[in-house]
Amino acid sequence: MKKVAISGNLRTEIGTKNAKSLRRNEQVPCVLYGSGEAIHFSVDEKALNKVVFTPEAYRIELDLGGTKHQAMLQETQFHPLSDKVLHADFLTMPENKKAKVTLNLQLVGQAKGVRAGGKLSVSLRKLRVEGLPADLPEHLEYDVTEVDFGQSIRIKDLQFPKLQVLHGPDEVVVKITAVKKEATSATAESPASAGAEAAEEAPKEEAKD
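The structure is reproduced here in structure tokens:
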């Protein structure tokens with residue numbers, strides 16, 4: 445997993461009024477958990493956006509008042525009408541302690557079943573895993589090339605070196621399903637209905653005097 449360095453400013457005041465003031469100055473209020481007492485600080489909005497708006501996961505080295513903390517972004521809060529980050533929570537990640545993180549699952553290759561006309565259905569696009577910080581990747585990958593029509597890949601079928609997947613073993617990740625054919629709007633006419641229509645369209649004989 446790649447490491448990114450972010451500098452923050454320790455907050456001497458906390459509360460709604462102070463948080464709003466920080467946001468007006470393009471600073472995001474943050475909290476670091478996991479190292480005893482929670483540490484309140486703020487970071488530059490643009491610097492934070494680089495690790496928020498990305499499919500990759502990063503180990504973050506937070507420099508707070510000259511003290512460095514190894515951490516990971518745990519949760520973010522957004523403005524309900526925009527993508528603006530309002531708040532961020534970080535969690536410390538000691539090098540010698542396993543961490544639980546959520547990583548994106550990227551599928552590579554074209555499945556055999558898709559080449560045969562099936563549809564790839566993805567049930568899980570993110571996986572919760574546990575491992576030492578040094579063993580955590582930016583994302584997870586699984587090759588679906590050999591997945592055939594009607595086949596399902598479950599959690600128990602996945603193997604990621606030095607990582608434990610924190611999902612039930614029988615939970616479905618991907619499967620190949622049949623593509624539904626669109627029903628035609630026109631239906632074949634029955635002989636009886638066809639005959640009735642023909643009778644209606646035939647010219648009527650004139651009545652004899």
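Numbering (the working numbering), first residue to last: 445 to 653.
Where is the CB? At the ideal position from N, CA and C, for every residue including glycine.
Computed from a prediction, not measured in an experiment: that's the story for all the values here.
Spatial neighbours of residue i in its chain, beta-carbon cut-off 8 Å, leaving aside the 5 residues before and after
i      : result
Ala491 : Ile450 and Ser451
Arg569 : Asn548 and Leu549
Contacts around residue i, its chain only, beta-carbon distance under 6 Å, and the 5 residues preceding and following it disregarded
i      : result
Glu470 : Glu489
Lys461 : none
Member of the options whose CA lies at the smallest distance from the CA of residue i
i      : options                           : result
Gly612 : Lys600, Ile483 and Leu517         : Lys600
Glu539 : Gly509, Gly575, Ala555 and Thr546 : Gly575
Val588 : Lys619, Arg572, Pro581 and Ala578 : Lys619
Leu530 : Ile504, Lys512, Ser486 and Pro581 : Ser486
Gly594 : Ala555, Gly509 and Ser526         : Ala555
Leu508 : Tyr502, Gly553 and Arg455         : Arg455
Lys606 : Tyr586, Leu580 and Glu590         : Leu580
As assigned by DSSP and simplified to three states, the class of residue i
i      : result
Arg602 : Sequence check: residue 602 is Leu here, not Arg. Correct three-state label for Leu602: coil.
Lys528 : coil
Asn462 : helix
Leu508 : strand
Val496 : helix
Ala491 : helix
Arg467 : helix
Chain-order list of residues whose beta-carbon lies under 7 Å from that of residue i (same chain, five-residue window excluded)
i      : result
Gln518 : Asp533, Phe534 and Leu535
Thr621 : Gly562, Lys563 and Ser565
Val616 : Ser567, Ser596 and Arg598
Cross-strand partners of residue i (DSSP beta bridge)
i      : result
Pro473 : Ser486
Asn453 : Ser486
Phe522 : Val529
query = Per the contact definition of three or more C-beta pairs closer than 8 Å, is the region 555-568 in contact with the region 531-544?
reply = no
query = Is it a yes or a no for the region 492-500 touching the region 477-484, going by three-plus beta-carbon pairs under 8 Å?
reply = no
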